[in-house]
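Sequence lines, in order, name chains A and B. Going by the working numbering, the final residue of the first sequence carries number 146, and the count climbs one at a time with no gaps. Going by the working numbering, the final residue of the second sequence carries number 121, and the count climbs one at a time with no gaps. Only one structure is covered here, and it is reproduced in the block below.
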Amino acid sequence: DAKTTQPNSMESNEEEPVHLPCNHSTISGTDYIHWYRQLPSQGPEYVIHGLTSNVNNRMASLAIAEDRKSSTLILHRATLRDAAVYYCILRVPEGGKLIFGQGTELSVKP
Amino acid sequence: EAGVAQSPRYKIIEKRQSVAFWCNPISGHATLYWYQQILGQGPKLLIQFQNNGVVDDSQLPKDRFSAERLKGVDSTLKIQPAKLEDSAVYLCASSLALRTILGEQYFGPGTRLTVT
């Protein structure tokens with residue numbers, strides 16, 4: 037399974053945009069890029085996923101590099117409730133298992 | 006829509022004792038997963054069920070861990086006997102089906118196990 041690399045931690049100010057990077061240089065052509073986040077004392081929750089094109093949903097945006105070797109999760113206006121560990125995961129299309137790395141711990145300052 | 010339910014939420018046992026965790030997935034979800042999350046690490050998949058059949062148990066320490074999903078709904082995960090290194094949060098997740106492009110997984114709140 038291809039691996040991802042993320043910074044251990046990042047800080048953001050409330051109501052400012054946050055860009056969470058993820059490197060996945062060994063990604064294969066069929067791997068989907070998934071993002072999950074885990075709030076304190078909770079199970080992970082799905083955020084967004086994409087294959088080649090940039091994606092938007094109510095929670096976030098996903099920007100995927102043209103060569104697909106990296107991607108960025110964008111939170112447009114961080115709130116205190118966005119403080120969590122964010123996981124970038126590569127997944128094969130047919131329901132492949134989620135392999136979590138260390139993730140990025142995002143802290144949001146008021 | 007009710008989420009994934011797990012019980013108990015917390016459990017403290019002594020090493021060499023046994024323990025069981027219960028999971029009730031979202032209604033209609035065919036696929037069920039058990040993960041182990043050690044403090045400071047991401048969750049690690051232990052076992053994956055499709056209905057009541059095992060799809061992947063390659064990371065399950067079968068000498069002490071067992072899991073079942075009778076009737077393809079609820080599931081139990083058992084540890085017998087427990088070791089100190091089993092202290093972790095045990096997460097249950099479910100998804101609609103194995104063979105979907107999305108396959109979004111929905112996680113329960115987890116059971117925090119402390120082995121003393």
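C-beta atoms are modelled at their ideal positions from N, C-alpha and C, and glycine is treated no differently. Please read these numbers as outputs of a predicted model, since none were measured by experiment.
Quiz item: Name the chain C residues whose beta carbon is nearer than 8 Å to that of residue 113 (chain B)?
Solution: Protein chains A and B are contained in the structure displayed, whereas chain C is not.
Quiz item: Are residue 94 (chain B) and residue 18 (chain B) close, meaning C-beta to C-beta below 8 Å?
Solution: Here residue 94 (chain B) refers to the residue found at position 89 when the second sequence is read from its first residue. Here residue 18 (chain B) refers to the residue found at position 13 when the second sequence is read from its first residue. Their beta carbons are not under 8 Å apart, which means residue 94 (chain B) does not touch residue 18 (chain B) by this criterion.
Self-check item: Of the residues B:89, B:114, B:116, B:97, the one placed nearest residue 20 (chain B), counting alpha carbons only
Solution: Translated into positions along the second sequence, residue 20 (chain B) becomes position 15. Nearest option by C-alpha distance: B:89.
Quiz item: How is the beta strand (DSSP E) around residue 61 (chain B) delimited, first residue to last?
Solution: Start at 1 with the first residue of the second sequence, and residue 61 (chain B) comes out as number 56. Taken as a continuous stretch (DSSP letters only), the beta strand (DSSP E) holding residue 61 (chain B) covers 58–61.
Exercise. Spell out whether any CB of chain B is found under 8 Å from the CB atom of residue 82 (chain A).
Key: The residue you call residue 82 (chain A) lines up with position 46 of the first sequence. Chain B, which has a Cβ nearer than 8 Å to the Cβ of residue 82 (chain A), makes this yes.
Quiz prompt | Proximity below 8 Å, CB of residue 118 (chain B) to CB of residue 9 (chain B) | solution = Mapped onto the second sequence, residue 118 (chain B) falls at position 113. Mapped onto the second sequence, residue 9 (chain B) falls at position 4. Cβ distance not < 8 Å, so residue 118 (chain B) and residue 9 (chain B) don't count as in contact.
Quiz prompt | Test: residue 66 (chain B) CB closer than 8 Å to a CB of chain A | solution = Taking the second sequence and counting its residues from 1, one reaches residue 66 (chain B) at position 61. No, no contact with chain A.
Self-check item: Span of the beta strand (DSSP E) around residue 29 (chain B)
Solution: On the second sequence, position 24 is the one that residue 29 (chain B) refers to. Residue 29 (chain B) -> beta strand (DSSP E) spans 24–29.
Quiz item: Which first and last residues belong to the beta strand (DSSP E) in which residue 63 (chain A) is found?
Solution: Residue 63 (chain A) sits at position 27 when you count from the first residue of the first sequence. First-last for residue 63 (chain A): undefined, no H or E at that position.
Quiz item: Under the DSSP definition of a beta bridge, which residues are partnered with residue 131 (chain B)?
Solution: Here chain B comprises residues numbered 6 to 121, so residue 131 (chain B) is not present and cannot be evaluated.
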